[in-house]
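Reading through the structure tokens given below for one structure.
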Ligand SMILES: Nc1nc2c(c(=O)[nH]1)N[C@H]1C(S)=C(S)[C@@H](COP(=O)(O)O)O[C@H]1N2
Ligand SMILES: [Mo]
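Have a look at this one:
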């Protein structure tokens with residue numbers, strides 16, 4: 011196997027059984043079928059009653075309360091957005107970080123339909139002292155000793171300028187309950203935690219939001235007492251659909267040694283379009299450029315392909331890595347941090363050619 015998630019605990023198994031990844035063969039789809047999109051729910055999927063309304067209030071001139079029909083009647087946009095959990099790759103980080111033990115599959119691309127956030131904020135009119143917008147869901151739980159509602163914030167600048175939308179459809183159908191019915195925030199390019207599901211309130215505040223998911227979680231730091239830096243946009247990553255056929259238990263791949271293998275994958279970054287994807291068949295010692303498909307919108311993954319001819323029967327380690335328009339690329343090895351975030355080390359796929 012590739013990097014081994016060592017010593018997964020009963021608690022991690024509980025999380026893993028609730029929160030599924032996207033099987034990597036689904037990289038063949040530009041838009042991930044709904045049931046194959048990864049899923050992450052911190053607490054329970056909340057019950058949503060008929061009385062659901064979205065409140066937009068706090069430090070605003072004109073508080074709003076909107077039902078779903080009213081939101082659906084606002085100007086709408088539909089856009090494909092690649093979304094990845096900030097903990098994707100966590101299982102390969104050493105020493106082990108205990109949390110949702112993603113290997114590499116916490117990603118998917120949905121076609122989201124909703125209404126842009128900026129005009130709605132403008133309608134409410136943040137007061138001069140408003141510095142952030144807080145987004146809260148209906149779900150509640152305890153985490154790190156804090157009883158809380160799942161909540162995240164954006165600065166006003168981010169809320170207005172980062173293309174955020176309030177989505178009520180995924181792939182042309184109402185949001186499934188596990189993905190946030192009736193309404194969720196979608197901020198293209200940002201890691202998953204930003205995209206608050208079961209959205210019930212949008213609140214302008216005059217002090218930076220100190221909620222658990224903002225101030226404790228989702229910070230890149232090495233020590234508990236450090237403030238660290240906030241985890242924000244997705245780091246560049248390329249993934250391949252593992253070629254050939256898997257062995258049931260190990261999932262090791264087998265391909266024919268005699269024919270070229272068509273390797274296919276997708277690559278994305280929250281910091282800019284993908285400009286280069288490289289492929290290696292020798293564990294990252296030598297690389298060559300893959301062929302790139304079109305880059306659709308800057309926030310949707312870009313397809314890539316490589317034709318790989320094994321040099322005879324034997325064992326190989328296939329790798330891929332992406333470089334985005336800022337020149338940022340992927341490291342060969344993970345960098346440890348307390349929460350196990352942003353591990354975008356290159357994917358390694360052991361393959362037997364025979
Ligand atoms: N209200 C609420 N929103 C949430 C979460 C949550 O637990 N509660 N999980 C977040 C995290 S960590 C991720 S990665 C994404 C996952 O979205 P998905 O399940 O639709 O793929 O939702 C985010 N939004
Ligand atoms: Mo996440």
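In my numbering, the protein residues as written are 11 to 364.
Using N, Cα and C, we set each Cβ at its ideal position, and we do this for glycine too.
Same chain, Cβ closer than 8 Å to residue i, five either side skipped, listed in chain order
i: residue 79; result: none
i: residue 41; result: 90, 119, 120, 121 and 181
i: residue 129; result: 84 and 85
i: residue 172; result: 164, 197, 198, 199 and 200
i: residue 312; result: 276, 277, 278, 283, 284, 287, 302, 303, 304, 305 and 306
Span separating the alpha-carbon of residue i from that of residue j
i: residue 132; j: residue 71; result: 10 Å
i: residue 348; j: residue 181; result: 35 Å
i: residue 336; j: residue 280; result: 11 Å
i: residue 278; j: residue 63; result: 34 Å
i: residue 359; j: residue 124; result: 38 Å
i: residue 52; j: residue 274; result: 32 Å
i: residue 357; j: residue 264; result: 17 Å
i: residue 57; j: residue 206; result: 16 Å
i: residue 55; j: residue 350; result: 24 Å
i: residue 322; j: residue 245; result: 35 Å
i: residue 5; j: residue 268; result: Nothing can be reported for residue 5: it is not among the residues displayed for the chain, which extend from 11 to 364.
i: residue 134; j: residue 73; result: 6 Å
i: residue 231; j: residue 247; result: 21 Å
i: residue 101; j: residue 162; result: 25 Å
i: residue 30; j: residue 45; result: 10 Å
i: residue 39; j: residue 141; result: 40 Å
i: residue 137; j: residue 223; result: 25 Å
i: residue 114; j: residue 99; result: 5 Å
i: residue 304; j: residue 68; result: 43 Å
i: residue 27; j: residue 187; result: 17 Å
i: residue 296; j: residue 320; result: 14 Å
i: residue 324; j: residue 17; result: 30 Å
i: residue 156; j: residue 209; result: 20 Å
i: residue 363; j: residue 257; result: 13 Å
i: residue 233; j: residue 250; result: 34 Å
i: residue 262; j: residue 306; result: 32 Å
i: residue 400; j: residue 221; result: With the chain covering only 11 through 364, there is no way to say anything about residue 400.
i: residue 103; j: residue 227; result: 17 Å
i: residue 185; j: residue 150; result: 20 Å
i: residue 195; j: residue 204; result: 8 Å
Short Cβ contact (8 Å threshold) for residue i with residue j
i: residue 270; j: residue 318; result: yes
i: residue 176; j: residue 148; result: no
i: residue 88; j: residue 117; result: no
i: residue 159; j: residue 66; result: no
i: residue 19; j: residue 165; result: no
i: residue 105; j: residue 346; result: yes
i: residue 37; j: residue 276; result: yes
i: residue 178; j: residue 81; result: yes
i: residue 288; j: residue 239; result: no
i: residue 144; j: residue 215; result: yes
i: residue 34; j: residue 252; result: yes
i: residue 361; j: residue 254; result: yes
i: residue 327; j: residue 292; result: yes
i: residue 95; j: residue 50; result: yes
i: residue 310; j: residue 300; result: no
Opening and closing residue of the beta strand (DSSP E) in which residue i lies
i: residue 25; result: Here residue 25 belongs to no beta strand (DSSP E); instead the alpha helix (DSSP H) covers 20-28.
i: residue 224; result: No beta strand (DSSP E) holds residue 224; the alpha helix (DSSP H) holding it covers 222-225.
i: residue 258; result: Taken as a continuous stretch (DSSP letters only), residue 258 belongs to no beta strand (DSSP E), as it is neither H nor E.
i: residue 264; result: 263-265
i: residue 250; result: 247-250
i: residue 278; result: 271-278
i: residue 216; result: Segment: none, residue 216 is in no beta strand (DSSP E) and carries neither H nor E.
i: residue 5; result: The first residue shown for the chain is 11 and the last is 364, placing residue 5 beyond what the model contains.
i: residue 290; result: 284-290
Close Cβ partners of residue i (< 6 Å) along its chain, the five nearest in sequence each way excluded
i: residue 308; result: 283
i: residue 243; result: 199, 200, 280 and 281
i: residue 219; result: 142, 144 and 163
i: residue 25; result: 110
i: residue 75; result: 63 and 65
i: residue 418; result: Summary: the structure shown does not reach residue 418, with the chain confined to residues 11 through 364, and so no result is reported for it.
i: residue 189; result: 180
Contacts around residue i, its chain only, beta-carbon distance under 7 Å, and the 5 residues preceding and following it disregarded
i: residue 342; result: 294, 355 and 356
i: residue 127; result: 169, 174, 175 and 176
i: residue 97; result: 109, 110, 112, 116, 350 and 351
i: residue 333; result: 246, 285, 286 and 339
i: residue 32; result: 42, 46, 47, 48, 115, 117 and 118
i: residue 12; result: Confidence at residue 12 is low in this model, with a pLDDT of 47, below 50, so its placement is unreliable and the value that follows should be read with caution. Cβ within range, chain order: 358, 359 and 360.
- [ ] Within the segment 144-204, note down every full beta strand (DSSP E) run reaching 3 residues or more, in order along the chain.
- [x] 156-165, 175-180 and 194-196
Open item on the list: Ignoring anything shorter than 4 residues, give me the alpha helix (DSSP H) runs that lie fully in the segment 318-353, in order along the chain.
Closed with: Taking only runs of at least 4 residues, no alpha helix (DSSP H) segment lies wholly in the segment 318-353.
Task: alpha helix (DSSP H) segments (min. 4 residues) lying fully within the segment 74-137 - done: 78-82 and 127-134
Open item on the list: At 3 residues or longer, what runs of the beta strand (DSSP E) sit wholly inside the segment 38-76?
Closed with: 64-68 and 74-76
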